[in-house]
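Q:
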Amino acid sequence: MGTQLILTVGTNPLPIWVAWYHLKDKLCQPIKVRLVHTAGTEAEKGRLQNYCQGADFLDPIQTSDGDPRTVHNDMRNIANNLSDETTLLHIHYIGGTKVMAVETVAAFEATLLNNIHLDTSYLDPRATSGPAIVNRAGNTWVQDARKNIAADLARIALLNGFTLGAFRHRYWNRETNRPETEDCPAPGIPSQEQLDEGRQAITGGDYITDYTLLEYGAYAAFKEALENISTNNLSRNNYKLFHNVYVRRTGASQSAKPFELDVVAVLGYQIVVVSCTLEGSHDRIKQKGIEAILRARQLGGDEARAIVLCSVRQNDAALIEDELKDEMGSASEPLQVWGRNRWRGLSEVFEHYLRNDLHWK
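If you want my numbering, it's the position in the sequence shown, counting the first as 1, plus 1.
What follows is the structure, encoded as structure tokens:
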């Protein structure tokens, strides 16, 4: 008895790693893992092979991302050459193109011998209890795939091809007309004094000019919300929170410009980025929003979320969010814009967001 687990690989390896993490303890042992990828996802395939610890990999299969006949024939060849020990074939098809998913399942359905059971799964991020691993019939393998996964931002980054600070950035300073070196630190955690200063800044009612205080205030409020939830539900203690996260492509030179994220929460494997700004210009805030969600998804994949915390009035924040939705379409759905009216009760706002928008409760 044994299982061959087929994982289709796309440009976002993180949910595939999540599937492996959960399914390895649920499928019939021993498990042989085969990655199905395209020429364009060779690097993602390699990272999965590196970070799916304990997986017994068979030779990967490179197939087409858009030709149904090629995908069907490639999968039929696998089906015709399964070992005698294989009694279950499980296809997890969250990665890759729709053609890959449809034709992979169809080929095995048409080819498998009667003594081999076929099952499927995919990650459904829209499930009401959090991102769930389900099969085509709607049966649940894992109710909330974030549970029981250690919050490891470095692993998330590496799976998606990025490296976190600490590292050095060398650049040309146009003002001094000479090369400079910037030390980009590891993800930080504010001191209690900094958190107190930030909390006072956002609840005191005074206008602030130091955006760092807004970042500290956002961190303090997010921390309080996460602690409140985990106090009542110990299964929600697998989170981490960071300030000033520097990120760049793995293997990039020191001259490659990194990007910086103000506040990053890690909920199991899902990340939430909070971008803080005191800019009053609608266009600048919109630009911050676009950058926040694009960077969040680069680092954390399709399930990443982003919030812009700004100082404009409630109506203006809502208008900016609506404009982002009009301009970005579905890409803006994981992005929210919160104005100054949210500052005073920000921890309660974060807790409501976690419980109702992310089903982290």
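Backbone N, C-alpha and C fix where the C-beta goes; we use that ideal spot for every residue, glycine too.
Which residue from Cys53, Asp75, Gln54 puts its Cα closest to that of valine 37?
A: Numbered from 1 along the sequence shown, position 36 holds the residue referred to as residue 37. It is Asp75 whose Cα lies nearest to the Cα of valine 37.
Q: Since threonine 112 is in the alpha helix (DSSP H), which residue starts that stretch and which ends it?
A: Against the sequence shown, residue 112 aligns to sequence position 111. That run of the alpha helix (DSSP H) goes 99-112.
Q: Return the CA-CA distance between leucine 1 and valine 135, expressed in angstroms with no decimal places.
A: Lying before the first or after the last residue shown, residue 1 is absent from the chain, which here runs from 2 to 362.
Q: Looking at C-beta atoms only, is the number of pairs between the stretch 271-278 and the stretch 293-309 that lie closer than 8 Å three or more?
A: Contact between the stretch 271-278 and the stretch 293-309 is present, because at least three Cβ pairs lie under 8 Å.
Q: Going by C-alpha to C-alpha distance, which of Ala219, Leu262, Glu324 sits closest to arginine 345?
A: Counting from one through the sequence shown, the residue named residue 345 turns up at place 344. Comparing Cα positions, the closest option is Ala219.
Q: Is there a Cβ of chain D sitting closer than 8 Å to that of glycine 301, yes or no?
A: The structure shown contains no chain D, having only a single protein chain.
Q: Might you give, ordered along the chain, the residues of its own chain that have their beta carbon closer than 8 Å to the beta carbon of valine 100, omitting 5 neighbours on each side?
A: One-based indexing of the sequence shown puts residue 100 at position 99. Closer than 8 Å at Cβ, skipping near neighbours: Ser65, Asp66, Gly67, Asp68, Pro69, Val72.
Q: In whole angstroms, what separates the C-alpha of leucine 160 from that of leucine 227?
A: To locate residue 160, count along the sequence shown from 1; it is residue 159. To locate residue 227, count along the sequence shown from 1; it is residue 226. So the two alpha carbons sit approximately 25 Å from each other.
Q: Helix, strand or coil for arginine 147, going by three-state DSSP, please let me know.
A: Numbered from 1 along the sequence shown, position 146 holds the residue referred to as residue 147. Note: arginine 147 maps to coil in three-state DSSP.
Q: Residues in its own chain within less than 6 Å of arginine 306 by CB, not counting five upstream and five downstream?
A: Counting from one through the sequence shown, the residue named residue 306 turns up at place 305. Closer than 6 Å at Cβ, skipping near neighbours: Val273, Pro335.
Q: What number of angstroms, rounded off, separates the C-alpha of alanine 152 from the C-alpha of phenylalanine 243?
A: As a first step, residue 152 is located in the sequence shown; it is residue number 151 there, counting from the start. As a first step, residue 243 is located in the sequence shown; it is residue number 242 there, counting from the start. Taking the straight line joining both Cα atoms gives about 11 Å.
Q: Using a Cβ-Cβ cut-off of 8 Å (strictly less than) and excluding sequence neighbours within five positions of phenylalanine 163, which residues of its own chain qualify?
A: The residue given as residue 163 occupies position 162 in the sequence shown. Once the five neighbours on either side are set aside, the close Cβ partners of phenylalanine 163 are Val248, Arg249, Arg250, Thr251, Gln299, Leu300.
Q: So, phenylalanine 1 versus alanine 146, is the Cβ gap smaller than 8 Å?
A: Look at the range of the chain in this structure, 2 to 362, and you will see that residue 1 is not part of it.
Q: Within a Cβ cutoff of 6 Å, which residues of the same chain sit near asparagine 13, ignoring the five residues on either side of it in sequence?
A: Indexing the sequence shown from 1 puts residue 13 at position 12. Hits under 6 Å: Gly302, Asp303.
Q: In three-state DSSP terms, what is asparagine 74?
A: In the sequence shown, the residue the question calls residue 74 occupies position 73. Three-state DSSP puts asparagine 74 in a helix.
Q: For the alpha helix (DSSP H) containing asparagine 229, list its first residue and its last residue.
A: Stepping through the sequence shown from its first residue, residue 229 is reached at position 228. 212-233 is the span of the alpha helix (DSSP H), which, as asked, contains asparagine 229.
Q: Name the DSSP beta bridge partners of threonine 251, please?
A: On the sequence shown, position 250 is the one that residue 251 refers to. Answer is none; threonine 251 lacks a bridge partner.
Q: Can you say whether tryptophan 21 is buried or exposed, counting buried as having 16 or more other CB atoms within 10 angstroms of its CB?
A: For the purposes of this step, residue 21 is identified with residue 20 of the sequence shown, where counting begins at 1. When all chains shown are included, tryptophan 21 counts as buried.
Q: Does the contact criterion of 3 or more C-beta pairs under 8 Å hold for the stretch 200-216 versus the stretch 233-240?
A: Too few Cβ pairs lie closer than 8 Å, so no.
Q: Excluding sequence positions up to five away, which residues of its chain have a Cβ less than 6 Å from the Cβ of glutamate 104?
A: Counting from one through the sequence shown, the residue named residue 104 turns up at place 103. The answer, listed in chain order, is Pro69, Val72, His73.
Q: Identify every run of the alpha helix (DSSP H) within the stretch 149-186, keeping only runs that are complete inside it and at least 4 residues long; order them along the chain.
A: Those alpha helix (DSSP H) runs which fall completely within the stretch 149-186 and span 4+ residues are 154-160.
Q: Measuring only the C-alpha atoms, how far is alanine 56 from tryptophan 173?
A: Translated into the one-based positions of the sequence shown, residue 56 becomes position 55. Translated into the one-based positions of the sequence shown, residue 173 becomes position 172. If I take the Cα positions, the gap works out to 45 Å.
Q: Rounded to the nearest angstrom, how far is the Cβ of histidine 23 from that of valine 143, given a contact under 8 Å?
A: Start at 1 with the first residue of the sequence shown, and residue 23 comes out as number 22. Start at 1 with the first residue of the sequence shown, and residue 143 comes out as number 142. With 8 Å as the limit, histidine 23 and valine 143 qualify as a contact, their Cβ atoms being about 5 Å apart.
Q: Buried or exposed: aspartate 263, going by 16 or more other Cβ atoms within 10 Å of its Cβ?
A: Position 262 of the sequence shown holds residue 263. The residue in question, aspartate 263, is buried, as its Cβ has 16 or more Cβ neighbours within 10 Å.
Q: Determine the closest residue to leucine 59 out of Lys33, Ala187, Asp358, with distance taken between C-alpha atoms.
A: The residue given as residue 59 occupies position 58 in the sequence shown. It is Lys33.
Q: What does the Cβ neighbour count give for asparagine 245, buried or exposed, with the cut at 16 atoms within 10 Å?
A: If you number the sequence shown from 1, residue 245 lands on position 244. Its Cβ being crowded by 16 or more others within 10 Å, asparagine 245 is buried.
Q: Under the assumption that lysine 46 contacts valine 10 (Cβ atoms under 8 Å), give the Cβ distance between them as a whole number of angstroms.
A: Taking the sequence shown and counting its residues from 1, the one referred to as residue 46 is at position 45. Taking the sequence shown and counting its residues from 1, the one referred to as residue 10 is at position 9. The Cβ separation is near 5 Å, so the contact holds.
Q: Write down every uninterrupted run of the beta strand (DSSP E) in the stretch 29-88 whose length is 3 residues or greater and which is fully enclosed by it, in chain order.
A: DSSP runs (the beta strand (DSSP E)) wholly in the stretch 29-88: 32-38.
Q: Taking the alpha-carbon of valine 267 as reference, which of Lys289, His283, Ala297, Asp317 has the nearest alpha-carbon?
A: Position 266 of the sequence shown, counting from 1, holds the residue named residue 267. The shortest C-alpha separation from valine 267 is found at Ala297.
Q: Give the list of continuous beta strand (DSSP E) stretches no shorter than 3 residues that lie fully inside the stretch 280-332.
A: DSSP runs (the beta strand (DSSP E)) wholly in the stretch 280-332: 306-310.
Q: Quick check on the DSSP output: the beta strand (DSSP E) that includes threonine 129 runs from which residue to which?
A: On the sequence shown, residue 129 is found 128 positions in, with the first residue counted as 1. No beta strand (DSSP E) contains threonine 129, which DSSP labels as neither H nor E.
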